[in-house]
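A.B. asks: Those sequence lines, one after another, are chains U, G, L and X.
So the first sequence is numbered by the numbering used here: it starts at 8 and just counts up by one.
So the second sequence is numbered by the numbering used here: it starts at 8 and just counts up by one.
So the third sequence is numbered by the numbering used here: it starts at 1485 and just counts up by one.
So the fourth sequence is numbered by the numbering used here: it starts at 1485 and just counts up by one.
Every residue gets a Cβ at the ideal spot worked out from N, C-alpha and C, and that includes glycine.
One structure, as structure tokens, below. Some questions next.
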Amino acid sequence: MKVKYFAWVRERVGKAEETIEPPPTVRTVAELIAWLSSQSETYAYAFEKPKVIRAAIDHAHVKSDAAITGAREIAFFPPMTGG
Amino acid sequence: MKVKYFAWVRERVGKAEETIEPPPTVRTVAELIAWLSSQSETYAYAFEKPKVIRAAIDHAHVKSDAAITGAREIAFFPPMTGG
Amino acid sequence: MTPPVATCPVTVRIQEDDFDIAREIALLTKSRTDIGAVVSFSGICRADEDSANIAALTLEHYPGMAEEEIKRHVDEAISRWPLNGVTAIHRVGRFMPGENIVLVLTASQHRQAAFQAAEFLMDYLKTSAPFWKKEESATGTGWVEAQARDDEAAARWTKS
Amino acid sequence: MTPPVATCPVTVRIQEDDFDIAREIALLTKSRTDIGAVVSFSGICRADEDSANIAALTLEHYPGMAEEEIKRHVDEAISRWPLNGVTAIHRVGRFMPGENIVLVLTASQHRQAAFQAAEFLMDYLKTSAPFWKKEESATGTGWVEAQARDDEAAARWTKS
């Protein structure tokens, strides 16, 4: 699945998007954040405060317990500050 | 004192303004309306529903019990419908 | 330390000519960098006022008092909200459906103040500023009656 | 007799270029006589965001999702209020103090619907549309933090 990062999450991860293949035991957004954080110090730093991170699946806001099954695109970003 | 009329009050009175000299017993806006109404059928018709009529003394909205003493200009008009 | 007092230029005009919203906003905001929000309200002559088919609308006002009454409410708005500029323009004369009638502009650092002040001013323009509308329709000509809902809208700003 | 369904054209754009409020209002209202009220909100880059002295602001967005998220809230606004037109334009890129950032226009028969829909849309643009601001100031560069007051403003529209 494709993962996108925005704002300071993007800066901390060091890239705007990538394609990942998490193991099938990773079923929710929270589990995906935990799995990414276990992969390297870079991800651990980007996701060090998981409660602050917002997520969207296929362009719709989701909560951290949302299932990632079938997602084409998952995005991680800080709270929005537009307008 | 100068009296001004607006909207349908003006149309009913048949003039936009005039100078009147009510007797000294006429002390309030309500008394002025009653006195004018006693002067002719034209005024009686214009003020037939005194509760609907709004008044201003020297450009400030007033209630019907407001004193008219010292007023330079008194205006009568229906409820406002601008904006 | 007390914050610096923001300058709040006020423009109140009653005129027959149309207004230019872009020009009025530019006058309010140009060479300023303390304004974060500008709300504009434009009131337009509608064809279907209360289901009657309006051919034209004539607006009469009380010269002198109209300007003073609007300015009083602008001052009240400035005392209630941190505003950086207010413009209120009310046209008088005869209007066809689609024509502009009234413009209120409010500028502030933050959007809530700008929105609330604009609503407050419009509610008072409707119920307290000495203007009267006369409608011309297929069924004749008549003065527009004041709406209870406008009095209710104005009443919600009364301090208890 | 059911009232005729008002057409409500919707424009949602994300762009680097500035917008022209007068042009956008004209597009929304031209050759229509059923609109009585147009509210516009423009959000402008301020120099004094939270007391730091802003030299410039960079706005980043999530292409695709940003448009969809705004459209979802416009649809929600249309379902809540009798609107005759909505325009929402959000700029992205780098802005200097005084420059326009966002425009929301709402048109309706009556002013309350136009005011409320514009406030609703701005509250959701602030808290829900995927845009992020980065500030450049004398003390450095940093991402703007979300404001609790914006979440509270958006929460008041939640149906209970």
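Name the chain L residues whose beta carbon is nearer than 7 Å to that of G:F83?
C.D. replies: Those do not exist, as G:F83 stays about 11 Å from chain L at its closest Cβ, beyond 7 Å.
A.B. asks: Counting only Cβ-Cβ distances shorter than 7 Å, please list the residues of the stretch 1579-1612 of chain X near chain U, keeping chain order.
C.D. replies: Going along the stretch 1579-1612 of chain X in chain order, one finds V1586, M1606, L1609, K1610, T1611, S1612 with a Cβ nearer than 7 Å to chain U.
A.B. asks: Quick check on the DSSP output: what are the complete beta strand (DSSP E) runs of length 3 or more inside the stretch 1518-1589 of chain L, in order along the chain?
C.D. replies: Here the runs fully enclosed are 1521-1528, 1538-1545, 1567-1575, 1577-1579.
A.B. asks: I'd like to check one pair, L:A1550 with L:P1614: are the Cβ atoms closer than 9 Å?
C.D. replies: It is a contact, given that the beta carbons lie within the stated cut-off.
A.B. asks: Compile a chain-ordered list of the residues in the stretch 1615-1635 of chain L whose CB is closer than 7 Å to at least one CB of chain X.
C.D. replies: From the stretch 1615-1635 of chain L, no residue has a Cβ closer than 7 Å to chain X.
A.B. asks: Skipping 5 residues on each side, what residues in its chain have a beta carbon closer than 6 Å to that of G:A82?
C.D. replies: Excluding positions up to five away in sequence, the list reads K11, A63.
A.B. asks: Between the alpha carbons of X:T1611 and L:S1612, how many angstroms are there, rounded?
C.D. replies: Between X:T1611 and L:S1612, the C-alpha separation is close to 37 Å.
A.B. asks: Please confirm whether any heavy atom of the ligand MG lies closer than 8 Å to the CB of L:F1525.
C.D. replies: With respect to the ligand MG, the structure offers nothing, as it holds no ligand at all.
A.B. asks: What are the boundary residues of the alpha helix (DSSP H) that G:S45 is part of?
C.D. replies: Segment 36-46, the alpha helix (DSSP H) holding G:S45.
A.B. asks: So, at 6 Å on beta carbons, what are the nonlocal neighbours of L:T1495 in its own chain, with the 5 sequence-adjacent residues on each side left out?
C.D. replies: Cβ neighbours of L:T1495 beyond the five flanking positions: T1571.
A.B. asks: Are the stretch 50-60 of chain U and the stretch 1587-1599 of chain X touching by the rule of at least three beta carbon pairs closer than 8 Å?
C.D. replies: Touching, no.
A.B. asks: Taking only beta-carbon positions, decide if L:H1557 is within less than 9 Å of chain G.
C.D. replies: No, no contact with chain G.
A.B. asks: What is the rounded straight-line gap between the Cα of U:H66 and the Cα of L:E1620?
C.D. replies: Those two C-alpha atoms are separated by around 51 Å.
A.B. asks: Reducing DSSP to helix, strand and coil, say where G:T26 ends up.
C.D. replies: Correct three-state label for G:T26: strand.
A.B. asks: Mapping DSSP to helix, strand and coil, what is U:V69?
C.D. replies: U:V69: strand per DSSP, three-state reduction.
A.B. asks: What's the gap between the Cα of L:Y1608 and the Cα of X:H1594?
C.D. replies: In a straight line, the C-alpha of L:Y1608 is about 15 Å away from that of X:H1594.
A.B. asks: Using a Cβ-Cβ cut-off of 9 Å, state whether L:G1527 counts as contacting chain G.
C.D. replies: Answer yes: the Cβ-Cβ gap between L:G1527 and chain G drops below 9 Å somewhere.
A.B. asks: Cβ of U:P86 less than 9 Å from any chain X Cβ?
C.D. replies: Answer yes: the Cβ-Cβ gap between U:P86 and chain X drops below 9 Å somewhere.
A.B. asks: Looking at the unbroken alpha helix (DSSP H) that takes in L:E1636, where does it start and where does it end?
C.D. replies: Unbroken alpha helix (DSSP H) run through L:E1636: 1632-1639.
A.B. asks: Let's test the definition: count the other Cβ atoms within 10 Å of the Cβ of L:K1617 and tell me whether it reaches 16, buried, or not, exposed.
C.D. replies: That one is buried.
A.B. asks: List the residues of chain L whose Cβ lies closer than 7 Å to the Cβ of G:W15, in chain order.
C.D. replies: Neighbours of G:W15 on chain L, chain order: W1627.
A.B. asks: Just reading off the alpha helix (DSSP H) that U:V16 is part of, what are its end residues?
C.D. replies: U:V16 -> alpha helix (DSSP H) spans 14-20.
A.B. asks: For L:R1497 and U:E18, I'd like the C-alpha separation in whole angstroms.
C.D. replies: When rounded, the distance between both Cα atoms is 51 Å.
A.B. asks: Nearest CA to the CA of L:M1580: which residue from X:I1505, X:R1507, X:R1516?
C.D. replies: For the residues X:I1505, X:R1507, X:R1516, the minimum Cα distance to L:M1580 belongs to X:R1516.
A.B. asks: Exposed or buried, which one is L:T1486 when buried takes at least 16 other CB atoms within 10 Å?
C.D. replies: Because L:T1486 carries a pLDDT of 45, less than 50, the predicted location of this residue cannot be relied on, and no value is offered for it.
A.B. asks: Would you call the CB atoms of X:E1560 and L:F1599 closer than 9 Å?
C.D. replies: Contact: no.
A.B. asks: Give every residue of the same chain whose Cβ lies closer than 6 Å to the Cβ of G:V33, excluding the five residues on either side of it in the sequence, and list them in chain order.
C.D. replies: Counting only Cβ-Cβ distances below 6 Å, and skipping sequence neighbours, we find L39, W42.
A.B. asks: Going along the chain, which residues of its own chain have a beta-carbon closer than 8 Å to the beta-carbon of G:Q46, five neighbours each way excluded?
C.D. replies: Closer than 8 Å at Cβ, skipping near neighbours: no residue.
A.B. asks: Identify, in the order they occur along the chain, each residue of the same chain with its Cβ nearer than 8 Å to the Cβ of X:L1511, setting aside the five sequence neighbours on each side.
C.D. replies: The answer, listed in chain order, is T1495, T1571.
A.B. asks: Tell me, to the nearest whole angstrom, how far the beta carbon of L:I1554 is from that of L:F1503; I am working on the premise that it is less than 8 Å.
C.D. replies: 14 Å between Cβ atoms; not a contact.
A.B. asks: Spatial neighbours of U:A73 within its chain, please: CB distance less than 8 Å, with the 5 preceding and 5 following residues excluded, ordered by chain position.
C.D. replies: For U:A73, where only same-chain residues beyond five positions count, the Cβ hits under 8 Å are T35, V36, A62, I64.
A.B. asks: Compute the beta-carbon to beta-carbon distance between U:Y50 and U:V20, rounded to the nearest angstrom, for a pair I have assumed lies under 8 Å.
C.D. replies: The pair is a contact, with the Cβ atoms about 7 Å apart (cut-off 8 Å).
A.B. asks: What span of residues does the alpha helix (DSSP H) with X:I1509 cover, start to end?
C.D. replies: Element bounds for X:I1509: 1505-1513.
A.B. asks: Chain C partners of X:T1517, CB-CB under 7 Å?
C.D. replies: Absent here is chain C; the protein component of the structure consists of chains U, G, L and X.
A.B. asks: Have a look at L:P1488 and X:N1568 and give me their C-alpha separation to the nearest angstrom.
C.D. replies: Caution is warranted here: a pLDDT of 49 is assigned to L:P1488, below 50, making its placement in the model unreliable, and no coordinate value can be reported.
A.B. asks: What are the boundary residues of the alpha helix (DSSP H) that includes X:R1595?
C.D. replies: Segment 1595-1611, the alpha helix (DSSP H) holding X:R1595.
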